[in-house]
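Residue numbers (this note's numbering): 9 to 135.
Reviewing the structure listed below.
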Amino acid sequence: MNTQLQNTTWRSVCTRGDLVVDSGVVALLDGEQVALFYLPRAPEGQQVYAVGNRDPQSGANVIGRGIVGHLAGRLVVASPLYKQHFRLDDGSCVEYAEQSLPVWPARFNGDIVEIAARVDARLQEAA
């Protein structure tokens, strides 16, 4: 396991049955919409990806409705509105370097989908 994730707090957001194969669904985590993509045949071995649902160009919450594909050997999702592509592993935009999506580590814990909760850096420093 990634040593950075050993002390991570994982939050349950849905079950495997709530996901759609090779497509996106949206969950709410701490008031923020998170687009979850279930890709059981992904070559990277990871099966579930979690990125922000808000398109940075339009401001609309639509990323979960985007089409998943590959560009330059990397998994991406195309925004349904302006068609820009975001890498699922790091949220960066292929066409516009100034655009990006927040990304959460995601995993299956049995049939439960979990996302790593964000922790305020100031709280970590105080600990």
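We put the CB at the ideal spot given by N, CA and C, even for glycine.
Please read these numbers as outputs of a predicted model, since none were measured by experiment.
Contact annotation: the region 76-95 does not touch the region 113-120, with fewer than three C-beta pairs closer than 8 Å.
In the pairwise beta carbon analysis, the region 62-76 is classified as touching the region 31-49: at least three pairs are separated by under 8 Å. Here residue 122 is not near residue 29, since their CB atoms are 8 Å or more apart. For residue 115, the secondary structure class from DSSP, reduced to helix, strand or coil, is strand.
Per the C-alpha coordinates, the member of 24, 38 and 31 positioned closest to residue 124 is 38.
Taken through DSSP and simplified to helix, strand or coil, residue 60 comes out as strand. Per DSSP, the continuous beta strand (DSSP E) segment holding residue 42 begins and ends at 40-46. Looking at 66, 87, 64 and 49, the one whose alpha-carbon comes closest to that of residue 74 is 87.
Ranked by Cα distance from residue 99, the first of 90, 85 and 89 is 85. C-alpha of residue 33 to C-alpha of residue 16: approximately 23 Å in a straight line. For residue 20, the uninterrupted beta strand (DSSP E) segment begins and ends at 18-23.
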